[in-house]
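Chains as they are written, first to last, in the working numbering: chain L, 1 to 326; chain W, 1001 to 1537.
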């Protein structure tokens, strides 16, 4: 469906994307994850035709849309974009927004279905400023799908929403895209959002792909400290302490191999379950209780560990703790 | 080289359509008079040596004195008034806040004419000086006094530019900063210097640069008081000596002057912009009562009195007290001329600005973005320069086609487009920026045509800004003098040229009627603009 081959883009002296390549199958939902300035929004603008690459080629449905002395205008690309700020037209009602795209009148049946699934019937006659962020987001999504695109691009679709709305909307987006078999590229800085919505994740940094794979693979086998940290707090422990481990991270700063163990992957020592597991013993350096969990900093012989444990047991600073690694 | 090749390749590949092509073409045509001045700077001139040796020094320094003096005084008045009406509450504040913009309706030359006899007040003093100090010293004192009077006159009618921009930035950015400063223990009497002035500096500089441009543009007022600025020099070279090349060289000096001002503005602003995130409505105004409010009210009323009420009052008294007959000149036809050409030109200018800004925003083509900056250079150029540029353009195109720009309505309208496109540009462009470029990008990715996007999306959203732009340009054109004076068709008078002609014939009392007419035309437009700006458009 979409092939990006060796695409580079720079603004002045700043290289935003470098030799970037990506291949997306029809019907696949891809999330591109990266921090601010990693080049993910530029990638969307290049795919949609709002920007032109300096080098490389973008092919959409077997047609070269950018590169090789070709450039297809955004209007003619058969892909629509959902903007981070939704970009709803303030002078139009939500219904007019949805039906503003070319030929959207011809997709009435599909649009009515979309409206029903996203549960926006009650706000169709309202104007954007009269609606909540979640409602605006759903209308922006329906508007982009109303023109029947082969590819939909989404720029941080959940970033402006409350936590309570996020999970529900992530599910709505995924179900909608899957129901209508629409290929999608979603960019986000939140890997958890990406995991909820997509089939495959691509982590980028400084305009280059760092890792590409399904979410569980990235979670359990991150290829760099940076990727491991995207999923939240973790402990980087020298690989030599776990010689049998198949997963490893090469730390470019220290030139050492490490493994990542999440704070919640540790458990209290249990003789019956400990066989073959690495055991850590240390003194509690700091402890705080957060949402029925202890967040502990444990000082061991050679290293300091961050550990999360169930708070049903009594623990205090200075107490010795014996833990098992997974 | 490779970079340039890539750039041009990209520009050639992206969005080559009628919108961009036309916009680039129109931008280049609008820029052409200024370009011709720059290209012809080395043209031969018989009078240049004389001008250089005897007049240039005087032209440059007179301009400098005037600009510096007017800049300082109008900043003090504008910022002071803005500060008082924004942060203090006193009886009549609401009215004063609104009335302070009124001097905007008075062109500098009408203000100057209304004080035409001001020097007579000083005659006894000059006589005394002549007897007791000496003739040369008296002439020097007289010159200093003339500069002082002109500087004060200009400041009293031009300060609203600084007042409005300072008030806007005080309202947008100041209140939150004041709250923060108060919680940090900054004493109230230090707020203005330590917190407010540094924050609203970009606003002050923006208003100040407009004051400087208007000062440089003036011809009739400085001519009347005998101050030889560069603009006067350009007029004398062209009208007096029929020496276009000398006029072009002087124009180049003035352009350099303008660029120094613009560069100064950029350096002083250091890229600062209003961000609109200051919050505006929460700050409580400090109530001042009793005798304490008197100096504040006096400070705000003085410029209003000297810049509006006295000139208007005098014009009225001349009109009513000297039995000025409307039949002395064809007032109706001149008024209709003024209204007609101002309206037609302002609508055309707004349409051109809207078209180019829309194309720039919708297609985001880099070459158009860059070239459109050239099209709006005109406002920085005094009318005299644009007139000389158009005279040069006229002689250039006459080599190819027989079309007269000079002395034709179309030529006059073209000159207004060159000069005032930037005036309409600013409100439209900033509204489009506020709206966010994503609106048009969304429209593109929904496969909507540019025509549909322009008519159904951009026009309805921007129509209030278009109206404001149209009104501002309308006011500027109805007051405009130098361009109209040089380029108008034979026997075509506007209210400004009629005023100028009457003053040239020393018919001060008769000039009150067209002068008042100019003010009457501008007044409703100013009121409307102020109302729209207060509504936050």
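No residue lacks a Cβ here, since even glycine has one placed at the ideal position from N, Cα and C.
Segment contact, 8 Å Cβ cut-off, at least three pairs: the region 1441 to 1459 of chain W with the region 1472 to 1483 of chain W: no
Where residue 324 of chain L sits in the DSSP three-state scheme: strand
Minimum Cβ-Cβ distance from residue 1275 of chain W to chain L less than 9 Å: Caution is warranted here: a pLDDT of 47 is assigned to residue 1275 of chain W, below 50, making its placement in the model unreliable, and the coordinate value is therefore given only provisionally. Residue 1275 of chain W does not count as touching chain L.
Alpha-carbon to alpha-carbon, residue 15 of chain L and residue 183 of chain L: 28 Å
Spatial distance of residue 1528 of chain W from residue 1520 of chain W (CA atoms): 13 Å
Where residue 1447 of chain W meets chain L, residues with beta-carbon distance less than 7 Å: 75, 101, 102 and 147
Sequence-distant residues of its chain with Cβ nearer than 7 Å to residue 1044 of chain W (five each side left out): 1245
Reference residue 1100 of chain W, options W:1377, W:1113, W:1229 and W:1086, closest by Cα: W:1086
Beta-carbon separation (whole angstroms), residue 214 of chain L vs residue 33 of chain L, contact threshold 8 Å: No, residue 214 of chain L and residue 33 of chain L are not in contact; Cβ-Cβ is about 13 Å, not under 8 Å.
Simplified DSSP state of residue 1276 of chain W, which is helix, strand or coil: Low confidence applies here, because residue 1276 of chain W scores a pLDDT of 47, under 50, leaving its location unreliable; read the following figure in that light. DSSP places residue 1276 of chain W in coil when its eight states are reduced to three.
Below-9 Å beta-carbon distance, residue 1360 of chain W vs any chain L residue: no
Residue 14 of chain L, DSSP secondary structure in three states: strand
Residue 79 of chain L at chain W interface by Cβ criterion, 9 Å: yes
Residue span of the alpha helix (DSSP H) that contains residue 1387 of chain W, given as start and end: 1383 to 1397
Beta-carbon proximity of residue 1518 of chain W to residue 1107 of chain W, cut-off 9 Å: yes
Supposed contact pair residue 1427 of chain W and residue 1465 of chain W - C-beta distance, whole angstroms, cut 8 Å: 5 Å
Three-state secondary structure (DSSP) of residue 168 of chain L: helix
DSSP state of residue 145 of chain L mapped onto helix, strand, coil: helix
Below-9 Å beta-carbon distance, residue 184 of chain L vs any chain W residue: no
Helix, strand or coil at residue 241 of chain L [DSSP, three-state]: helix
DSSP bridge partner residues for residue 184 of chain L (one or two, in chain order): L:29 and L:152
Contact list for residue 1438 of chain W against chain L, beta-carbon separation under 7 Å: 83, 85 and 87
Partners in chain W for residue 157 of chain L, counting only beta-carbon separations shorter than 8 Å: Those do not exist, as residue 157 of chain L stays about 14 Å from chain W at its closest Cβ, beyond 8 Å.
Cut-off 6 Å between Cβ atoms - residues of its own chain near residue 221 of chain L, not counting five sequence neighbours on either side: 247
Nearest residue (CA-CA) to residue 1154 of chain W, options W:1361, W:1434 and W:1221: W:1221
Whole-angstrom C-beta distance between residue 97 of chain L and residue 139 of chain L, which should lie under 8 Å: 6 Å
8 Å contact criterion, which residue 1417 of chain W and residue 1468 of chain W should meet: CB distance rounded: Incorrect: roughly 18 Å between the Cβ atoms, too far for contact.
Residues of its chain near residue 86 of chain L, where Cβ-Cβ distance is below 7 Å and the 5 sequence neighbours each way are ignored: 136, 137 and 140
7 Å Cβ cut-off: residues of chain L touching residue 1460 of chain W: 91
Residue environment, residue 1276 of chain W, which counts as buried when at least 16 other CB atoms sit within 10 Å: Bear in mind that a pLDDT of 47 at residue 1276 of chain W, under 50, signals an unreliable position, so the model cannot answer this.
Inter-stretch contact at 8 Å, needing at least 3 Cβ pairs: the region 71 to 88 of chain L / the region 45 to 62 of chain L: yes
Nearest-angstrom Cα separation, counted from residue 1168 of chain W out to residue 1279 of chain W: Confidence at residue 1279 of chain W is low in this model, with a pLDDT of 48, below 50, so the placement of that residue is unreliable and no value is reported for it.
Contact check, residue 297 of chain L vs residue 289 of chain L, beta carbons under 9 Å: no
Chain W within 9 Å of residue 144 of chain L, Cβ atoms only: yes
Enclosing alpha helix (DSSP H) for residue 67 of chain L [first to last residue]: Note, residue 67 of chain L: premise wrong, no alpha helix (DSSP H); beta strand (DSSP E) at 63 to 67.
DSSP-derived helix/strand/coil call for residue 1286 of chain W: strand
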